[in-house]
Amino acid sequence: MKNKLKLTAILFIIGAACFTLAACEDELSPIDKYVENGYSVVVSYDPSGANFVGKDNTKIFDAYNVSAYEEDGDGNISIKLVEPTERTIINQKISLIKTGYFVAGWYKNREIVRNSAGEVVDDDGNVLIEKNGSYYNSHEEKATPAYTYSDVWDFENDRIIYKVGSGVYEMTLYAGWVKFYEYDYYYLNDSGEWTKYASTSFDYKAAAADGSDKEALWVPRYENGAMVYSHPYSAGGEFVFPKINGTTFDKAYLDENMTEEITDGYAHIGTLELDTCTPVNRVVNIYVTTLKGDRYRIETADQLCKNVNVNGYYEIMNDLDFTGKSWPLGFSNSTFNGAISSHEGNNYTLSNVTAKYSSNDSEDNYAGLFGALGNAAVIKDVTFENVTFDISSTAPRLRDASFGFFAGDIDDGATVENVRIKGELSFTINGQISIEGDHSIYVFAGGKTDGLTFENDVELSFYGKKVGSKYRFNFDPENVRISENGTVVLNLGSYSKDLETYVATPFGE
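So this is what it looks like as structure tokens:
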């Protein structure tokens, strides 16, 4: 009585070298040996230039013993095939790998693609040269031709129908490879031409099979003041929108004329004609506009404190209250070349600002709410209200210092427009500072002060280390003078004086 098993297959892997060796020794190939033992149906799986289980030039063969199947009334047997990568061999799952591609299916027919001149080409249209049955590109590197496919095998529904006694039946199924589906990203270059700058890709078949959102993209958005380019996938992992260095994302469009804007997420429109292994709309172009520099949209004082960038562009979206928070030290001791302005020119207020500058570096010689404003800096349409600024240093000698309530120095190229400072203003200088060289202390700011308005008196305090009942100063507080341009002039010395406080009035008062 015949075995009732529906499927009896011998699975083994044979590399090209094995065939060569067998031919040299004039022996039967492993497949021929199985055929001699009644395995009359042989199905081979050709990876079409890829690798099974990480080995080059490897094919998988299924050999079926027809005696293990029950014949129908016409003497035929029906054999269902099993897709190779759904099985294991020697406790190892069979893998099929080709970087940047996925297997659309297995096909009974495969044809090499040729260009109009009859030359063999690869998937990118590059001409390949054939040598001894292999193909090579112009760099003499081994390459795989492009193929067209037809007659896809349906492993769920298709069957091999074999007539018992009809001899050996052999069939080859070819892996049909398709490049990962892509988003190509373009920006406008200086000549006003759209130029590709990046690509992202995904496995179309895997995304379609598990119903995931890995075929989607999401445009960047502001979170906690900064632009965020990543977005989590629902099943884990994340999508990252490509960034152009030195810029911040502005908008993304589906067309060159910038009429179809993507405002949130977008699902790839690509499809696949499985019967012929033909991708449709495999590549979707995304047209991206950007803004110069790293941009921030600040809605809270905490967001400003956590996104310190001396070259950043800050858009203040509403009033900010710094109660309980310190002004960023990165602004106070550095040269700022970015921009700070209120959204749509609303002149929002930054209130209750407390800043304390301290440095161990004797060459760190600028201090203020901004250490210095460089020639690219822009500060406009903002108000500072109720500000305390305290300068101290533990450096043994602070050389060529330039201090100012608003900035130690404002470059002539900097832009300061419609900036107001009002309310209770306190500027304190620690008397323990030892100053050498060409130093300047400004009640308001050093350099160009156009566009900067102080609406109240500034309380200027000097203090030192307490020795007994006195404070030790490295300058003579009784000889402090304030010049017309706001410079504080000190006569240096070593005196024991009580704490001294001065009030500096705005210019012209």
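Position in the sequence shown (first residue = 1) + 7 = the numbering used here.
By construction, the Cβ of each residue, glycine as well, lies at the ideal position given by its N, Cα and C atoms.
- With contacts defined by Cβ atoms closer than 8 Å, residue 415 and residue 378 form a contacting pair.
- Within the same chain, and ignoring the five residues on either side of residue 273 in sequence, the residues whose Cβ sits closer than 6 Å to its Cβ are 224.
- In this structure, DSSP gives residue 261 a state outside helix and strand, which the three-state scheme calls coil.
- If only uninterrupted beta strand (DSSP E) runs of at least 3 residues are considered, those enclosed by the region 211–243 are 223–225, 228–230, 233–235 and 237–239.
- Taking residue 42 as reference, the option from 67, 58, 71 and 357 with the minimal CA-CA separation is 71.
- Residue range 308–313 is occupied by the alpha helix (DSSP H) that includes residue 309.
- Residue 344 is not bridged by DSSP to any residue.
- Residue pairing for residue 84: DSSP places it in a beta bridge opposite 169.
- For the 8 Å CB-CB criterion, residue 374 and residue 413 do not form a contact.
- The bridge partners DSSP lists for residue 286 are 279.
- Here residue 49 is buried. Its C-beta has 16 or more other C-beta atoms within 10 Å.
- Between the C-alpha atoms of residue 67 and residue 55 there is a straight-line separation of about 12 Å.
- DSSP places residue 102 in the coil class of the three-state scheme, outside both helix and strand.
- Around the Cβ of residue 164, a 10 Å sphere holds fewer than 16 other Cβ atoms; the residue is exposed.
- When 201, 134 and 229 are compared, the shortest CA-CA separation from residue 293 is found for 201.
- Within the region 163–208, the runs of beta strand (DSSP E) that reach at least 3 residues and sit entirely inside it are, in chain order, 167–170, 176–186 and 188–195.
- Straight across, the Cα-Cα distance linking residue 242 with residue 149 is about 37 Å.
- Looking at the backbone, the Cα of residue 171 and that of residue 119 are separated by about 34 Å.
- Here the alpha carbons of residue 114 and residue 77 stand approximately 27 Å from one another.
- Going by C-alpha positions, residue 430 is about 43 Å away from residue 259.
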